[in-house]
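As structure tokens, the structure follows; a few thoughts come after it.
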Amino acid sequence: MQTENPSVRVWDLPTRIFHWSLATSFVVAFVTSESEKWRDIHVVAGYSLAGLIAFRLLWGFVGGRHSRFADFLPTPGKVLDYLKSLLAGQPRHYVGHNPAGAVAIFLLLACGLIVAASGYATYNEIGGHVMEEVHEAAANGMMALVIIHLAGVVVSSWLHHENLVKAMITGRKQVHHENPAG
Amino acid sequence: MCAIDTLETDMRTSLLIAAILIAASGAGRAETPRDFLTRFEKEAGTAASAERGARFFTAKQGGEWSCASCHGERPTQAGRHAKTDKPITALAPAANAERFTDAAKVDKWFRRNCNDTINRACSAQEKADVLAWLLSLK
Chain Z
1 MQTENPSVRV WDLPTRIFHW SLATSFVVAF VTSESEKWRD IHVVAGYSLA
51 GLIAFRLLWG FVGGRHSRFA DFLPTPGKVL DYLKSLLAGQ PRHYVGHNPA
101 GAVAIFLLLA CGLIVAASGY ATYNEIGGHV MEEVHEAAAN GMMALVIIHL
151 AGVVVSSWLH HENLVKAMIT GRKQVHHENP AG
Chain U
1001 MCAIDTLETD MRTSLLIAAI LIAASGAGRA ETPRDFLTRF EKEAGTAASA
1051 ERGARFFTAK QGGEWSCASC HGERPTQAGR HAKTDKPITA LAPAANAERF
1101 TDAAKVDKWF RRNCNDTINR ACSAQEKADV LAWLLSLK
């Protein structure tokens, strides 16, 4: 298969299935949020999102190498170094998540938990109107993070000359030897 | 360690944002159903008609649902969600003092529910009529 550049397996299958399922459930929940006619679909999408995040939290400890939280814990130092290298036009290359992407992932997971919990509370009328406000604010925050994440994927793919979308589908990345960092 | 810091910071930020939003939405002075009626009549430029409101509320208008599909024919009583079957507290202010006291809620739910019933935004006149009818219910 591979002729010039060898490829390495980066994202294991459960992580990839999780990724696209989470993206789907979030989009479905988001577009069904405005009408009571879609309320049952919205709720099912919300439960799916919660279940998927629960799986990912577990997988972050027992999953494949680059899926483990310990593999991409974004310390302030690492994030700063990465952003500096980005501004210098020589971004350090990470095989797994880069530190900026890692921050987005932890924020997305946290946001998702808040959205799911406050959505459950709203649907079951626990905690009152406050939960509805929290639900909407957290969902909008999550959408903002998704947009930042997508922008990051585009910029990162361009800077590192690699197709990150394809990598999340096939699980493999081409091996490069520019500014290796981990 | 840092991931936990990030998570905590994010949660704190979210809670803070939520608190600000709630404070902001609560900061709008307490309003009464009459204040909303006055506002909608002023926007419409004509007086409200409770009779017209009653017809508007109970009749389907091209869509699958009318207001009454969820709020019931007699909104002094609790309604039932047409999709989920969950109870909905009474809409008439005489039966439920919380109704029509919060501008953010009133605007949000008119926006959502008008789209669900008549597939467009309600006019100020339609809102005035419905509210006039709801206020006439004892």
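Chains Z and U, in that order, are what the protein sequence lines are.
Going letter by letter, the first sequence gives residues 1 to 182 in our numbering.
Going letter by letter, the second sequence gives residues 1001 to 1138 in our numbering.
Glycine included, each C-beta is placed from N, C-alpha and C at the ideal position.
As the structure is a prediction and not an experimental result, all values here were calculated from the model.
Using beta carbons (cut-off 8 Å, strictly below), is residue i in contact with chain U?
{"i": "Z:D71", "result": "no"}
{"i": "Z:R92", "result": "no"}
{"i": "Z:R16", "result": "no"}
Verify the CB distance criterion: does residue i have a CB-CB separation below 8 Å to chain Z?
{"i": "U:A1112", "result": "It should be noted that the sequence gives Arg, not Ala, for residue 1112 of chain U. True, the Cβ-Cβ gap to chain Z drops below 8 Å."}
{"i": "U:K1060", "result": "no"}
{"i": "U:H1081", "result": "yes"}
{"i": "U:N1115", "result": "yes"}
{"i": "U:T1046", "result": "no"}
{"i": "U:T953", "result": "The question about residue 953 of chain U has no answer here: the residues shown for chain U are numbered 1001 through 1138."}
{"i": "U:T1084", "result": "yes"}
{"i": "U:A1003", "result": "Its pLDDT being 47, under 50, U:A1003 is placed unreliably by the model, and nothing is read from it."}
Less than 7 Å between C-beta atoms, sequence neighbours within five positions excluded: which residues of the same chain meet that for residue i?
{"i": "U:A1090", "result": "P1075, T1076, Q1077, A1078 and N1096"}
{"i": "Z:G77", "result": "none"}
{"i": "U:C1002", "result": "Interpretation of U:C1002 is limited by its pLDDT of 45, a score under 50 that renders its predicted location unreliable; no figure is taken from the coordinates."}
{"i": "Z:L107", "result": "L145"}
{"i": "Z:L113", "result": "I53"}
{"i": "U:K1127", "result": "F1040 and F1110"}
{"i": "U:R1106", "result": "First, the amino acid is wrong: residue 1106 of chain U is Val here, not Arg. Same-chain partners within the cutoff: F1036 and F1100."}
{"i": "Z:H19", "result": "M168"}
{"i": "U:P1093", "result": "P1033, R1099, F1100, L1134 and L1135"}
{"i": "U:A1030", "result": "T1101"}
{"i": "U:A1054", "result": "W1133"}
{"i": "Z:P14", "result": "W59 and G63"}
{"i": "U:C1122", "result": "F1110 and C1114"}
Among the residues of its own chain, which have a CB less than 6 Å from the CB of residue i, if the five just before and after it don't count?
{"i": "Z:H149", "result": "A104"}
{"i": "Z:F69", "result": "G60"}
{"i": "Z:T32", "result": "W38, I41 and H42"}
{"i": "Z:V28", "result": "A45"}
{"i": "U:Q1061", "result": "I1118"}
{"i": "U:S1069", "result": "A1082"}
{"i": "Z:S85", "result": "P91 and R92"}
Rounded to whole angstroms, how far is the Cβ of residue i from the Cβ of residue j, which I believe are closer than 8 Å?
{"i": "Z:M142", "j": "Z:V175", "result": "About 33 Å; that fails the 8 Å criterion."}
{"i": "Z:G46", "j": "Z:G119", "result": "5 Å"}
{"i": "U:T1032", "j": "U:Q1125", "result": "Not quite, the Cβ-Cβ distance comes to about 20 Å (not below 8 Å), so this is no contact."}
{"i": "Z:Y82", "j": "Z:P99", "result": "4 Å"}
{"i": "Z:V95", "j": "Z:K173", "result": "6 Å"}
{"i": "Z:R16", "j": "Z:G171", "result": "6 Å"}
{"i": "Z:A110", "j": "Z:F30", "result": "Not a contact, Cβ separation roughly 18 Å."}
Within its chain, find whatever has a CB closer than 8 Å to the CB of residue i; leave out the 5 residues flanking it on each side and keep chain order.
{"i": "U:A1059", "result": "S1066"}
{"i": "Z:L73", "result": "A102"}
{"i": "Z:N163", "result": "S157"}
{"i": "Z:L22", "result": "L49, L52, I53, R56 and G112"}
{"i": "U:D1116", "result": "G1063 and W1065"}
{"i": "Z:G152", "result": "A100, G101 and A104"}
{"i": "U:A1086", "result": "Checking the sequence, you will find Lys at residue 1086 of chain U rather than Ala. So the list reads R1080, once near-sequence residues are dropped."}
{"i": "U:E1073", "result": "T1058"}
>> Under 8 Å, with one C-beta from each stretch per pair, do the region 9 to 23 of chain Z and the region 117 to 137 of chain Z reach the 3-pair mark?
In response: Between the region 9 to 23 of chain Z and the region 117 to 137 of chain Z, the count of C-beta pairs closer than 8 Å stays below three; the two stretches do not touch.
> If we count Cβ pairs, one from each stretch, closer than 8 Å, do we get three or more for the region 59 to 73 of chain Z versus the region 39 to 49 of chain Z?
Replying inline: Output reads no: the region 39 to 49 of chain Z does not touch the region 59 to 73 of chain Z.
> Name the residues in the region 31 to 60 of chain Z whose C-beta lies less than 7 Å from a C-beta of chain U; which are they?
Replying inline: The residues in question are E34, S35, E36, K37, R39 and D40.
>> Would you call the region 150 to 168 of chain Z in contact with the region 76 to 95 of chain Z, where contact means no fewer than 3 C-beta pairs closer than 8 Å?
In response: Short answer: they touch.
>> So, does the region 1129 to 1136 of chain U touch the region 1045 to 1061 of chain U, judging by three or more C-beta pairs under 8 Å?
In response: In this structure the region 1129 to 1136 of chain U lies against the region 1045 to 1061 of chain U, because at least three pairs of beta carbons, one per stretch, are closer than 8 Å.
> For the 8 Å Cβ check, are there 3 or more pairs between the region 30 to 37 of chain Z and the region 1080 to 1089 of chain U?
Replying inline: In short, these stretches touch, since the Cβ pair count reaches three.
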